[in-house]
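Enquirer:
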Amino acid sequence: MISVRGLEFKYEGGEFHLTMPEFGVERGEKVAVIGPSGSGKTTLLNLLAGILSPVAGTITVAGTEVSALGDTERRDFRITTIGFVFQDFELLDYLTVTDNILLPYRITSALALDRDVRARATALAGEMGISDLVQRHPSELSQGEKQRAAICRALLPRPRLILADEATGNLDPVNKTHILDLLFRSVDHHEATLLAVTHDHELLDRFDRVADFKDFHAWGDA
Ligand code: ADP
Ligand code: MG
Numbered sequence: 018m019i020s021v022r023g024l025e026f027k028y029e030g031g032e033f034h035l036t037m038p039e040f041g042v043e044r045g046e047k048v049a050v051i052g053p054s055g056s057g058k059t060t061l062l063n064l065l066a067g068i069l070s071p072v073a074g075t076i077t078v079a080g081t082e083v084s085a086l087g088d089t090e091r092r093d094f095r096i097t098t099i100g101f102v103f104q105d106f107e108l109l110d111y112l113t114v115t116d117n118i119l120l121p122y123r124i125t126s127a128l129a130l131d132r133d134v135r136a137r138a139t140a141l142a143g144e145m146g147i148s149d150l151v152q153r154h155p156s157e158l159s160q161g162e163k164q165r166a167a168i169c170r171a172l173l174p175r176p177r178l179i180l181a182d183e184a185t186g187n188l189d190p191v192n193k194t195h196i197l198d199l200l201f202r203s204v205d206h207h208e209a210t211l212l213a214v215t216h217d218h219e220l221l222d223r224f225d226r227v228a229d230f231k232d233f234h235a236w237g238d239a
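Residue numbering for the sequence shown follows this note's numbering, beginning at 18 and increasing consecutively.
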């Protein structure tokens with residue numbers, strides 16, 4: 018599902034440098050990504066999603082070489098293939114929860130919003146336990162509820178790959194376990210692959226594998 022080779026990345030004008038000779042994730046795997054703050058975990062997710070472009074190397078996701086796509090293609094590929102649960106959710110406050118969940122369908126012609134999609138959005142909100150909240154705006158939700166909305170949005174297009182950036186980071190232990198259960202169940206249900214950055218070491222044994230950034234020769238020049 019993911020194949021990274023000879024990856025080199027550097028932020029323009031920045032000191033940070035990421036070197037990843039080889040990294041792979043099999044289809045259907047659930048992999049946790051750990052590593053110190055600032056080691057490049059979020060940077061890697063953004064590279065896999067085609068939000069950032071490598072200086073050298075190849076990134077292949079679901080059989081497509083993301084690093085070789087043009088801007089529009091890369092954006093459409095991301096929206097149709099990858100469900101991204103951002104660390105800060107990135108929900109739009111001027112939209113209701115429903116419209117946030119449907120957002121991927123409004124920003125690309127590669128996805129068609131029809132009655133079936135709306136029905137699946139309603140069903141997903143139900144699975145995530147936020148049915149009663151879908152007409153609210155994100156500012157009227159708790160952290161855990163926002164997280165669930167963000168997960169619904171990431172899952173709705175039935176992405177083959179879910180990238181989750183500390184998706185359980187700000188939650189209390191009970192909510193944390195519950196949200197992870199929901200996420201895992203949906204990943205299984207949709208036969209997706211999961212790559213999740215986490216600081217919760219007590220959750221690691223629930224994943225198939227742990228990828229530690231210590232092994233990726235990430236460093237700052239400073
Ligand atoms: P992590 O998610 O592991 O905490 P990040 O991938 O967010 O780490 O960041 C890795 C390094 O890149 C950090 O040193 C950070 O300061 C730097 N960095 C992140 N975003 C940018 C940017 N847009 N421009 C320059 N440097 C950045
Ligand atoms: Mg991060």
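The C-beta atom is built at its ideal place from N, Cα and C for all residues, glycine as well.
#1: Are L172 and L212 close, meaning C-beta to C-beta below 9 Å?
#2: Listed in chain order, which residues are found with a beta carbon closer than 5 Å to a heavy atom of ligand 1?
#3: Please tell me whether, using a cut-off of 8 Å, the distance from the CB of Q104 to the nearest non-hydrogen atom of ligand 2 is below it.
#4: Between the region 32–52 and the region 87–101, are three or more C-beta pairs nearer than 8 Å?
#5: Let's test the definition: count the other Cβ atoms within 10 Å of the Cβ of A205 and tell me whether it reaches 16, buried, or not, exposed.
#6: State the start and end residues of the unbroken beta strand (DSSP E) segment that holds S20.
#7: DSSP state of D238, grouped into three classes?
#8: Given the structure, does D229 come close to ligand 2, in the sense that its CB is under 8 Å from one of the ligand's heavy atoms?
#9: DSSP three-state call for P38: helix, strand or coil?
#10: Would you decide whether A239 is buried or exposed? Buried here means 16 or more other CB atoms lie within 10 Å of its CB.
#11: Cβ of V48 versus every heavy atom of ligand 2: is any distance shorter than 8 Å?
#12: Can you tell me where the alpha helix (DSSP H) holding V78 begins and where it ends?
#13: Please list the terminal residues of the continuous alpha helix (DSSP H) segment that includes V102.
#14: May I ask you to report which of helix, strand or coil DSSP gives E219?
#15: How close, in whole Å, do the beta carbons of G41 and S20 come, if the pair is a contact with beta carbons under 8 Å?
#16: Closest by CA to N117, which one among Q104, G87, I168, L62?
Expert: In brief:
#1: No. Outside cutoff.
#2: Y28, G31, F33, S54, G55, S56, G57, K58, T59, T60
#3: Yes, since a heavy atom of ligand 2 falls inside the 8 Å radius drawn around the Cβ of Q104.
#4: no
#5: Looking at the sequence shown, residue 205 is not Ala but Asp. By the 10 Å Cβ count, D205 comes out exposed.
#6: Looking at the DSSP string, the run of the beta strand (DSSP E) that includes S20 is 19–27.
#7: The predicted model places D238 with a pLDDT of 43, which falls under 50 and marks its position as unreliable, so this point remains unresolved.
#8: no
#9: Taken through DSSP and simplified to helix, strand or coil, P38 comes out as strand.
#10: Note that A239 scores a pLDDT of 37, beneath 50, so its modelled location is shaky; the value from the coordinates is reported in the next line. Looking at its Cβ environment, which holds fewer than 16 other Cβ atoms inside 10 Å, A239 is exposed.
#11: Because no heavy atom of ligand 2 lies under 8 Å away, the Cβ of V48 does not count as near it: no.
#12: From DSSP, V78 is part of no alpha helix (DSSP H) but of the beta strand (DSSP E) over 73–78.
#13: Unbroken run through V102 is the beta strand (DSSP E), 99–102; no alpha helix (DSSP H).
#14: helix
#15: That pair is a contact at about 5 Å.
#16: I168
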